[in-house]
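Residue numbers (full-length UniProt numbering): 1 to 751.
Positions of the beta carbon are idealized from the N, C-alpha and C atoms, including for glycine.
Note that the structure is predicted; figures quoted are calculated from it, not measured.
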Ligand code: ADP
Ligand code: ADP
Ligand code: ZN
Ligand code: ZN
């Protein structure tokens with residue numbers, strides 16, 4: 001076997017005949033400004049070719065059932081090993097997917113309880129909320145259930161006679177409402193909020209044999225008393241809603257909430273599974289605990305027979321703790337994890353596996369990590385390497401770069417001005433080199449001394465969501481504020497409370513842009529309409545002809561340019577449409593040109609090139625916004641689905657610039673940014689503040705922290721051990737703060 005992965009003449013995306021040798025069994029970090037071609041080498045060339053070669057090893061029969069991977073544009077690719085990509089894509093998943101199921105630790109706990117729980121509920125499946133033998137029958141193992149919203153249905157301040165029932169079909173004065181205004185079992189003049197538990201129970205569930213007198217057109221008669229909850233459930237929950245009119249459904253929906261299942265209390269399991277305990281803890285208790293606490297509980301098990309299984313669970317939990325996620329609980333739904341948390345959990349899964357000789361590929365694994373936790377991340381990457389794997393990492397963080405055995409710096413710039421290897425060697429060699437990355441590595445962080453004076457304050461008072469401990473804090477307006485703290489300390493939660501209390505805030509996050517898979521910068525920024533009009537005017541054809549969403553679309557890929565194949569057991573795969581070669585349009589459309597360019601040519605332009613092509617002022621303003629957020633290198637037609645989280649955030653920001661008096665909230669805006677691009681970002685944030693806006697960023701990047709007017713530091717640690725404001729003040733004051741990891745790292749970076 002060769003000792004290198006060698007790439008000869010790679011030309012994917014912007015790569016300009018890249019030739020590289022990457023040492024196997026080593027940690028190689030790829031650096032360079034965003035858009036320089038790091039992903040094009042690592043993901044679009046190495047990972048794609050590795051998968052393609054893996055497919056070739058299958059028999060003809062199997063291969064015909066797999067999608068065809070296209071060979072990346074390169075003269076030769078040799079020495080590849082099977083690649084595993086650990087990216088930032090949200091783990092997502094349905095509500096049955098939790099940290100416990102994703103890491104497989106939940107199944108270890110199930111084995112533990114099935115063998116050693118007292119009383120035992122049965123085999124391991126009897127403890128699974130995804131299996132009928134273990135799931136709570138009240139919520140089918142979801143832990144949540146759609147229920148009547150009693151706070152809305154009943155007004156506690158009113159009596160039954162005086163309209164306490166607010167649900168119109170059962171309200172006082174209606175035929176069904178008589179049950180509750182006429183009952184002699186209850187004091188109908190007493191506010192329902194003052195009912196005793198027994199009175200409340202009667203109102204809701206009645207009692208067998210209890211009667212009530214009602215009257216209708218046929219006179220007055222005595223009938224069975226039906227409890228309010230029983231009646232609501234019978235008429236609206238235990239029936240197929242589709243049989244009801246749209247109006248009724250809308251009405252009922254307004255009186256429903258999805259809330260914790262009352263049968264299992266959110267534990268998802270049936271009574272038998274919940275009754276089984278080890279040292280007094282049920283499996284649900286174990287799942288609810290913070291992982292650091294669960295480790296302590298399992299370590300305390302002294303039954304020698306149970307030790308092997310408990311030990312396996314502890315080992316897996318410690319891997320989660322080791323990457324700084326000890327503040328999570330196993331019952332946390334994976335859909336609520338951030339991209340960085342998800343990526344680190346995926347890594348844990350691989351650390352537990354015994355595969356060696358693989359190529360692991362990571363996309364900016366430091367995202368969401370406080371400088372304190374970057375060290376632990378580094379250990380994790382080195383452990384993967386030491387198991388005999390090749391580890392490739394795309395990263396901007398100087399601490400991760402410093403760990404590399406080998407560095408490949410791409411550049412010199414983005415897009416067409418990049419795509420070349422500008423440095424190969426050791427981290428020390430890179431720092432001494434004259435490349436953009438090298439020069440940035442030598443730089444020290446400078447703390448801003450003159451901070452802006454706030455124009456006012458936005459308060460968050462007594463915040464208690466998640467781990468926040470009654471946090472009361474004022475966010476100054478008219479300045480740049482950085483919210484800092486280790487992962488899990490409560491930054492996102494606090495900022496969510498801020499935007500909840502001040503809903504006019506403009507939140508610019510990294511979440512998927514909730515529009516169609518056909519979206520591109522051109523459609524997202526609203527440039528496409530003008531492009532279509534210009535082409536129609538100049539060529540005499542219909543505007544719809546120049547849209548890949550309608551008449552102009554290539555028939556084979558329906559204007560997508562790619563063919564998407566979903567696979568049952570693997571990640572979905574996309575390949576370029578062979579008919580239009582990814583250009584999305586029909587042949588006839590491509591023959592119509594303006595200034596010698598077809599509409600596909602226009603979509604292939606970068607934002608920077610398009611600025612030289614368009615004279616329309618509206619289009620130019622939007623293109624300049626793209627430039628201002630550092631996305632000059634994006635082409636107008638690049639599918640938004642191919643953008644990284646950081647790029648998604650910046651393109652959103654581009655559509656929301658040019659306001660005044662707004663509150664911008666950004667979650668780690670430096671994601672995906674090279675050290676040299678951070679300056680540009682700071683200049684942009686400064687312009688936003690100077691135009692009369694308030695900017696709040698959740699950020700780990702110390703250059704940003706040092707440049708803020710105010711820092712709000714949460715901690716001291718994650719989860720239960722976080723949730724407090726441990727420092728508030730200027731960056732200069734932070735330098736002198738004790739007991740804050742952020743302060744400690746800022747001191748180090750400024751030395
Ligand atoms: P980096 O990873 O260094 O940020 P990339 O490899 O993602 O850079 O991008 C290099 C260049 O290729 C950029 O100009 C980018 O816009 C372009 N590019 C990347 N992916 C695609 C794609 N799927 N289609 C078209 N252009 C792309
Ligand atoms: P940070 O942004 O500082 O990393 P978060 O605000 O995301 O921290 O998390 C603070 C605490 O709240 C952590 O213990 C985390 O596990 C918990 N938490 C965050 N989001 C959720 C959620 N959707 N459901 C339950 N717990 C959550
Ligand atoms: Zn339940
Ligand atoms: Zn096509």
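Per-residue DSSP class, three states only, for residue i
i           : result
residue 120 : coil
residue 432 : helix
residue 322 : helix
residue 357 : coil
residue 302 : coil
residue 148 : strand
residue 84  : strand
residue 719 : helix
residue 253 : helix
residue 205 : helix
residue 497 : helix
residue 175 : coil
residue 492 : helix
residue 585 : strand
residue 379 : helix
residue 94  : coil
Bridge partner(s) assigned by DSSP for residue i
i           : result
residue 341 : In DSSP, residue 341 forms no bridge with anything.
residue 760 : Residue 760 lies beyond the stretch modelled for the chain, which goes from 1 to 751, so this question has no answer here.
residue 476 : 457
residue 666 : 508 and 697
residue 471 : 463
Closest by C-alpha distance to residue i, when choosing among the options
i           : options               : result
residue 737 : 221, 713, 751 and 721 : 713
residue 120 : 610, 10, 276 and 233  : 276
residue 557 : 533, 583 and 158      : 583
residue 437 : 447, 449, 450 and 422 : 422
residue 627 : 609, 637, 615 and 644 : 609
residue 157 : 144, 166, 192 and 311 : 192
residue 443 : 702, 377, 196 and 7   : 702
residue 710 : 696, 718 and 716      : 696
residue 72  : 220, 381, 10 and 317  : 10
residue 205 : 186, 227, 214 and 213 : 227
residue 89  : 431, 62, 614 and 510  : 510
residue 488 : 724, 188 and 94       : 724
Beta-carbon contacts of residue i that lie in its chain and below 6 angstroms, excluding the five residues immediately before and after
i           : result
residue 172 : 163 and 181
residue 107 : none
residue 306 : 116
residue 539 : 592
residue 742 : 484 and 713
Rounded C-alpha distance that separates residue i from residue j
i           : j           : result
residue 124 : residue 354 : 24 angstroms
residue 469 : residue 13  : 49 angstroms
residue 25  : residue 55  : 23 angstroms
residue 477 : residue 459 : 10 angstroms
residue 104 : residue 231 : 42 angstroms
residue 262 : residue 138 : 8 angstroms
residue 74  : residue 17  : 8 angstroms
residue 606 : residue 463 : 45 angstroms
residue 411 : residue 311 : 48 angstroms
residue 221 : residue 118 : 54 angstroms
residue 486 : residue 654 : 29 angstroms
residue 184 : residue 197 : 17 angstroms
residue 525 : residue 637 : 11 angstroms
residue 616 : residue 527 : 10 angstroms
residue 446 : residue 706 : 7 angstroms
residue 214 : residue 195 : 23 angstroms
residue 417 : residue 432 : 23 angstroms
Close-in-space but distant-in-sequence residues of the same chain around residue i (CB under 7 angstroms, 5 per side omitted)
i           : result
residue 236 : 252
residue 427 : 401, 402, 404 and 407
residue 273 : 121, 126, 127, 134 and 283
residue 534 : 594
residue 224 : 211
residue 589 : 545, 546, 552 and 599
residue 216 : 175
Cutoff 8 angstroms; reference residue i; Cβ partners in own chain excluding five residues on either side
i           : result
residue 395 : 29, 30, 31, 362, 364, 365, 366 and 401
residue 506 : 656, 659, 662, 663, 664 and 665
Check: residue i C-beta below 7 angstroms from any heavy atom of ligand 5
i           : result
residue 556 : Of the ligands this structure carries, namely ligand 1, ligand 2, ligand 3 and ligand 4, none is ligand 5.
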